[in-house]
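Taking our numbering, I'd label the letters of the sequence shown as residues 262 to 468. Don't be surprised by glycine CBs; every beta carbon is placed ideally from N, CA and C. Since we're looking at a predicted model, the values are computed, not measured. One structure is given here, and the rest of the page talks about it.
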Amino acid sequence: MKGLLLKDYYLLTGYCRSFILLITVFVLASCAGNDSFFFTSFPCIFAGILPMTLLSYDDREKWTDYAGTFPYTKAMLVSVKYIMGLFTTLSIFALTVAVQLIRAVVVSDISFFVKSIPLLSVSLTGGLLASAILLPFIFRFGVEKGRIVYYAVICLFSIGISIVSQLSSGMSLQAIARFPAAVIVLLTFLLYGLSWMLSIKIYNRHR
Numbered sequence: 262m263k264g265l266l267l268k269d270y271y272l273l274t275g276y277c278r279s280f281i282l283l284i285t286v287f288v289l290a291s292c293a294g295n296d297s298f299f300f301t302s303f304p305c306i307f308a309g310i311l312p313m314t315l316l317s318y319d320d321r322e323k324w325t326d327y328a329g330t331f332p333y334t335k336a337m338l339v340s341v342k343y344i345m346g347l348f349t350t351l352s353i354f355a356l357t358v359a360v361q362l363i364r365a366v367v368v369s370d371i372s373f374f375v376k377s378i379p380l381l382s383v384s385l386t387g388g389l390l391a392s393a394i395l396l397p398f399i400f401r402f403g404v405e406k407g408r409i410v411y412y413a414v415i416c417l418f419s420i421g422i423s424i425v426s427q428l429s430s431g432m433s434l435q436a437i438a439r440f441p442a443a444v445i446v447l448l449t450f451l452l453y454g455l456s457w458m459l460s461i462k463i464y465n466r467h468r
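Structure follows, in structure tokens:
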């Protein structure tokens, strides 16, 4: 399993540098912007779809066939993508939170950061849900056929971000602070785990 994780890590840092740079730019832009939910949430959501990019590289290089020569189970091949999804999403979420916290300290407005935690949790939810929704389809239908779902989910998330951004801009910080952030995050992790188990079942049955 360690070898699979290292392989995907090297693939991520070697071939996805442009994606990582783009995500970093958006994280920094969220600090300089006018409290835009789009700039705050986009990095996590984009990080959440990076496992699908890794799967595309695996498919292009025929990695699945090559992996059959190693003592890896199908559950391991599936699990490594979910672990990478957690790694990329949580890393970018931590970076986003750190940047927002630094911004709050610089402008001497810690209260705004505290009250914006529910919206930050929504960005984490979006990143994890992106992987949770897409990966079962990719493992069932393959990268090429699953690409249709991939683009559909991106469009839906983009529309969702726009709607939430408009709604949040018209809400007071007091109203935002009432959102049950912990409950939302816990439910998201539960859905992520269910998606993980579903993908293992699908991959064992159809591959």
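Go to residue i, then tell me how far its alpha helix (DSSP H) extends in each direction, as first and last residue.
i: Gly329; result: Unbroken run through Gly329: none, as it is neither H nor E.
i: Met313; result: 311-321
Rounded to whole angstroms, what is the Cα-Cα separation between residue i and residue j?
i: Gly387; j: Ala328; result: 31 angstroms
i: Ser433; j: Ala355; result: Residue placement at Ser433 is flagged as unreliable, the pLDDT there being 45, under the threshold of 50; the coordinate-derived value follows with that caveat. If I take the Cα positions, the gap works out to 25 angstroms.
i: Leu266; j: Val383; result: 27 angstroms
i: Lys263; j: Tyr343; result: 14 angstroms
i: Leu282; j: Val360; result: 15 angstroms
i: Val446; j: Ile284; result: 21 angstroms
i: Phe331; j: Leu385; result: 34 angstroms
i: Asp320; j: Thr274; result: 18 angstroms
i: Trp324; j: Ala393; result: 22 angstroms
i: Ile437; j: Ile306; result: Unreliable positioning characterises Ile437 in this predicted model, as indicated by a pLDDT of 47, which lies under 50. The coordinate reading is nonetheless provided below. Approximately 20 angstroms, taken between the alpha carbons.
i: Lys335; j: Ala443; result: 33 angstroms
i: Leu455; j: Leu272; result: 26 angstroms
i: Cys277; j: Thr350; result: 14 angstroms
i: Cys416; j: Ala290; result: 22 angstroms
i: Phe348; j: Trp457; result: 14 angstroms
i: Ile409; j: Asp326; result: 24 angstroms
i: Gln435; j: Ile371; result: The predicted model places Gln435 with a pLDDT of 45, which falls under 50 and marks its position as unreliable, so this point remains unresolved.
i: Glu322; j: Ala413; result: 25 angstroms
How about residue i and residue j: are their beta carbons less than 8 angstroms apart?
i: Thr253; j: Leu381; result: Nothing about residue 253 can be read from this structure; the chain reaches only from 262 to 468.
i: Phe400; j: Ser340; result: no
i: Met345; j: Pro312; result: yes
i: Ala365; j: Ile310; result: no
i: Ala308; j: Ile353; result: yes
i: Ile463; j: Pro397; result: yes
i: Ser317; j: Val404; result: yes
i: Val288; j: Thr357; result: yes
i: Leu389; j: Tyr453; result: yes
i: Leu338; j: Asp269; result: no
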